[in-house]
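**Q** My questions will all concern the structure given below.
Number of protein chains: 2
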Amino acid sequence: MATSLLQELIESLRCLPGVGPKSAQRMAFHLLEHDRDGGRRLASLLSEAMEKISECSRCRTLTEQDVCSVCVSDRRDVSLLCIVESPAELAAIEESTNYNGLYFVLHGRLSPLDGLGPKEIGLDRLESRLDEEVVKEIILATNPTVEGEATAHYISELASSHGILTSRIAHGVPLGGDLGYVDGGTLAHAFAGRQKIE
Amino acid sequence: MATSLLQELIESLRCLPGVGPKSAQRMAFHLLEHDRDGGRRLASLLSEAMEKISECSRCRTLTEQDVCSVCVSDRRDVSLLCIVESPAELAAIEESTNYNGLYFVLHGRLSPLDGLGPKEIGLDRLESRLDEEVVKEIILATNPTVEGEATAHYISELASSHGILTSRIAHGVPLGGDLGYVDGGTLAHAFAGRQKIE
């Protein structure tokens, strides 16, 4: 089976996240045996996407245009700005919530040990954006990890220096979650962040 | 997030087996954010493989050459011929066993209801190969399914009409398997196929 091209293809498929040697082999054989058209289409879309998709010049999400469709839309509330760590999280928010404001994508989180400072996650661009635009509220939707919290804290300071209201998305027991199986940190967070019923 | 190219890429990634909408999204974002080189390499290998890889003219496995490396090798025992259903199974046998003969790949199994007759799985080519070459033993390594067994039976008749010895790979309890958890069919097979200890 020393088909070098086939082996190279299998090896190369492993650059996809969650794909090990067995899945890569299965994918390669599947495409070659049953779906050559799909494979060709995937190849051309992949190469096109790798060349054409880059960051939106305004919110830094991934787009093939200069400015993404969210930023370009005139039906969004420009006074709301949601900060997310990655384009995938932006997509998740767009899919599941009725949030109607704009976004800013950090492409990471503050992590000095990994050499990620404010500049690396685009906070200089965020700041100049806060200077230029009339943002009334910043919604911090970074992940509830240590770095995510530190990033949220850093940005909230930045915002308050511009006199902008900052909020953090709620963290607590997920819907359908069972209190007995929720981790201690989440439960403590849920208690600390309890809300009055009026 | 109506980036059409990005969405097309995500949709296209779903042609890979075992990839649903969430994994496809994750793969696309991963490549775009962290591994553009990997994505480009994958794109070019995919398109090259889809064009160049075809069936070995002798054993019908997938190869970029006219005749695959197994068929071309002069260190293989040409009197042994192993029949497998797919190139993936050929690869598995090459990887795990020390089988040293040649192969013939059916690319399927006899399944009249799906319109797969002897010709569709290349048995005419197998027969002309049995006429031309000196095959002493045919090893049937089709899967132990109803169709696989029927295919094995059909080929064994074909072989006996050519006066060729036929064998079937053993089916039984897998190594490390627990008798209590093995399905009834396998256990019955293991009993029926018991071998004398000498």
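Quick mapping for you: the protein sequence lines, in order, are chains G and B.
Under the working numbering, the residue at position 72 of the first sequence is numbered 72, and the numbers go up by one with no gaps.
Under the working numbering, the residue at position 160 of the second sequence is numbered 1160, and the numbers go up by one with no gaps.
For each residue, glycine too, the CB sits at the ideal point set by N, CA and C.
Go ahead and label residue 97(G) buried or exposed: buried means 16 or more other beta carbons lie within 10 angstroms of its beta carbon, across all protein chains shown.
**A** The residue you call residue 97(G) lines up with position 97 of the first sequence. By the 10 Å Cβ count, residue 97(G) comes out exposed.
**Q** Do we get a CB-CB distance below 7 Å when we pair residue 1116(B) with the residues of chain A?
**A** No chain A appears in this structure, whose protein chains are G and B.
**Q** Under a CB-based cut-off of 7 Å, is residue 7(G) close to chain B?
**A** Position 7 of the first sequence, counted from the start, is the residue given in the question as residue 7(G). Residue 7(G) has a beta carbon lying at 7 Å or more from every beta carbon in chain B.
**Q** According to the neighbour-count rule (16 or more other Cβ atoms, all chains shown, within 10 Å of its Cβ), is residue 18(G) buried or exposed?
**A** To locate residue 18(G), count along the first sequence from 1; it is residue 18. Exposed.
**Q** Does residue 1108(B) come within less than 7 Å of chain G when only Cβ atoms are used?
**A** Taking the first residue of the second sequence as 1, we reach residue 1108(B) at position 108. Residue 1108(B) does not count as touching chain G.
**Q** Does the CB of residue 82(G) have a neighbour CB from chain B at under 7 Å?
**A** Residue 82(G) sits at position 82 when you count from the first residue of the first sequence. No, because no Cβ of chain B sits closer than 7 Å to the Cβ of residue 82(G).
**Q** Who are the neighbours of residue 1052(B) on chain G, taking C-beta pairs under 8 Å?
**A** The residue given as residue 1052(B) occupies position 52 in the second sequence. Going along chain G in sequence order, the residues near residue 1052(B) (Cβ under 8 Å) are 5.
**Q** Look up residue 1142(B) in the DSSP assignment and say whether it is helix, strand or coil.
**A** Counting from 1 along the second sequence, the entry for residue 1142(B) is found at position 142. Three-state result, residue 1142(B): coil.
**Q** Quick check on residue 1047(B) - is its C-beta less than 7 Å from some C-beta in chain G?
**A** For this step, residue 1047(B) is matched to residue 47 along the second sequence. Cβ-Cβ to chain G under 7 Å: yes for residue 1047(B).
**Q** Beta-carbon within less than 7 Å of residue 1076(B)'s beta-carbon, same chain only, minus the 5 sequence neighbours each way: which residues are those?
**A** Position 76 of the second sequence, counting from 1, holds the residue named residue 1076(B). Contacts found: 1070, 1100, 1101, 1102.
**Q** Examine the Cβ distances between the region 1111-1118 of chain B and the region 1162-1177 of chain B and report whether three or more of them are shorter than 8 Å.
**A** By the Cβ test, the region 1111-1118 of chain B is not in contact with the region 1162-1177 of chain B, since fewer than three Cβ pairs between them sit closer than 8 Å.
**Q** So with Cβ pairs under 7 Å, would you call residue 1153(B) a contact of chain G?
**A** As a working note, residue 1153(B) is residue 153 in the second sequence. Cβ-Cβ to chain G under 7 Å: no for residue 1153(B).
**Q** Which residue's Cα is closest to the Cα of residue 1089(B): 1168(B), 1143(B), 1055(B), 1068(B)?
**A** Taking the first residue of the second sequence as position 1, residue 1089(B) is located at position 89. The option with the nearest alpha carbon to residue 1089(B) is 1143(B).
**Q** Output, in sequence order along the chain, the residues in the region 1160-1173 of chain B whose CB is closer than 7 Å to any CB in chain G.
**A** Within the region 1160-1173 of chain B, no residue has a Cβ lying closer than 7 Å to any Cβ of chain G.
**Q** Can you pull the DSSP bridge partners for residue 168(G)?
**A** If you number the first sequence from 1, residue 168(G) lands on position 168. Assignment of beta-bridge partners to residue 168(G) by DSSP yields 140(G).
**Q** Identify, in the order they occur along the chain, each residue of the same chain with its Cβ nearer than 7 Å to the Cβ of residue 1108(B), setting aside the five sequence neighbours on each side.
**A** Position 108 of the second sequence, counted from the start, is the residue given in the question as residue 1108(B). Around residue 1108(B): 1085, 1116, 1120, 1121.
**Q** How about residue 1067(B) and residue 1082(B): are their beta carbons less than 7 Å apart?
**A** Walking along the second sequence from the start, residue 1067(B) turns up at place 67. Walking along the second sequence from the start, residue 1082(B) turns up at place 82. It is not a contact, given that the beta carbons lie outside the stated cut-off.
**Q** Is the beta carbon of residue 105(G) closer than 7 Å to that of residue 60(G)?
**A** Translated into the one-based positions of the first sequence, residue 60(G) becomes position 60. Translated into the one-based positions of the first sequence, residue 105(G) becomes position 105. Contact flag set, yes.
**Q** Could you tell me the distance, in whole angstroms, from the CA atom of residue 1002(B) to the CA atom of residue 45(G)?
**A** Walking along the second sequence from the start, residue 1002(B) turns up at place 2. Walking along the first sequence from the start, residue 45(G) turns up at place 45. For residue 1002(B), the predicted structure reports a pLDDT of 45, less than 50, and the residue's modelled location is therefore unreliable. A value from the coordinates is still provided. Near 16 Å, if we compare the C-alpha coordinates of residue 45(G) and residue 1002(B).
**Q** Give me the DSSP bridge partner(s) of residue 111(G).
**A** In the first sequence, the residue the question calls residue 111(G) occupies position 111. The partner list for residue 111(G) (beta bridge, DSSP) reads 116(G).
**Q** What residue does the beta strand (DSSP E) around residue 1068(B) start on, and which one ends it?
**A** Position 68 of the second sequence, counting from 1, holds the residue named residue 1068(B). Premise fails: residue 1068(B) is in no beta strand (DSSP E) and is neither H nor E.
**Q** CA-CA distance, residue 1079(B) and residue 1025(B)?
**A** Mapped onto the second sequence, residue 1079(B) falls at position 79. Mapped onto the second sequence, residue 1025(B) falls at position 25. The alpha-carbon atoms of residue 1079(B) and residue 1025(B) are separated by roughly 49 Å.
**Q** Residue 1040(B) touches chain G at which residues, Cβ-Cβ below 7 Å?
**A** Sequence index remark: in the second sequence, residue 1040(B) carries index 40 (1-based). Near residue 1040(B) (Cβ distances below 7 Å), the residues of chain G are 47, 50.
**Q** Pull the bridge partners of residue 1080(B) from the DSSP assignment, please.
**A** Position 80 of the second sequence holds residue 1080(B). Answer is 1137(B).
**Q** Just to confirm, is the Cβ distance from residue 1087(B) to residue 1110(B) under 7 Å?
**A** Locating residue 1087(B) in the second sequence gives position 87, counting from the first residue. Locating residue 1110(B) in the second sequence gives position 110, counting from the first residue. No, these two residues do not count as a Cβ contact at 7 Å.
**Q** Within 10 Å of its beta-carbon, does residue 1141(B) have 16 or more other beta-carbons around it, so buried, or fewer, so exposed?
**A** Here residue 1141(B) refers to the residue found at position 141 of the second sequence. Looking at its Cβ environment, which holds 16 or more other Cβ atoms inside 10 Å, residue 1141(B) is buried.
**Q** Is residue 15(G) close to chain B, meaning its C-beta is less than 7 Å from at least one C-beta of that chain?
**A** Against the first sequence, residue 15(G) aligns to sequence position 15. So, interface residue.
**Q** Cα separation between residue 1112(B) and residue 34(G)?
**A** Locating residue 1112(B) in the second sequence gives position 112, where the first residue counts as 1. Locating residue 34(G) in the first sequence gives position 34, where the first residue counts as 1. Residue 1112(B) and residue 34(G): Cα-Cα distance of roughly 19 Å.
**Q** Are the Cβ atoms of residue 135(G) and residue 93(G) separated by less than 7 Å?
**A** Start at 1 with the first residue of the first sequence, and residue 135(G) comes out as number 135. Start at 1 with the first residue of the first sequence, and residue 93(G) comes out as number 93. The criterion of a C-beta distance shorter than 7 Å is not satisfied by residue 135(G) and residue 93(G).
**Q** What are the residues of the region 22-34 of chain G that lie near chain B, defined by any Cβ-Cβ distance shorter than 8 Å?
**A** Within the region 22-34 of chain G, the qualifying residues are 23, 25, 26, 27, 28, 29, 30, 31, 32, 33.
**Q** Residue 13(G) and residue 27(G) look like a contact to me (Cβ under 8 Å); what is the Cβ gap, rounded to whole Å?
**A** On the first sequence, position 13 is the one that residue 13(G) refers to. On the first sequence, position 27 is the one that residue 27(G) refers to. That pair is a contact at about 5 Å.
**Q** Name the chain B residues that come within less than 7 Å of residue 60(G), Cβ to Cβ?
**A** Position 60 of the first sequence holds residue 60(G). The premise fails here: residue 60(G) is roughly 11 Å from chain B at the closest Cβ pair, so nothing lies under 7 Å.
**Q** Report buried or exposed for residue 1155(B), applying the criterion of at least 16 other Cβ atoms within 10 angstroms of its Cβ.
**A** As a working note, residue 1155(B) is residue 155 in the second sequence. Buried, because 16 or more other Cβ atoms sit within 10 Å of the Cβ of residue 1155(B).
**Q** Buried or exposed for residue 1194(B), going by 16 or more other Cβ atoms inside 10 Å?
**A** Taking the first residue of the second sequence as 1, we reach residue 1194(B) at position 194. Residue 1194(B) counts as exposed, since fewer than 16 other C-beta atoms from the protein chains shown sit within 10 angstroms of its C-beta.
**Q** From this set, 170(G), 196(G), 198(G), which residue's C-alpha is nearest residue 187(G)'s C-alpha?
**A** The count along the first sequence starts at 1 and reaches residue 187(G) at position 187. Checking every option, the nearest Cα to that of residue 187(G) belongs to 170(G).
**Q** Looking at residue 1166(B): is its Cβ nearer than 7 Å to the Cβ of residue 1159(B)?
**A** Within the second sequence, numbered from 1, the residue matching residue 1166(B) stands at position 166. Within the second sequence, numbered from 1, the residue matching residue 1159(B) stands at position 159. For residue 1166(B) and residue 1159(B), yes; Cβs fall inside 7 Å.
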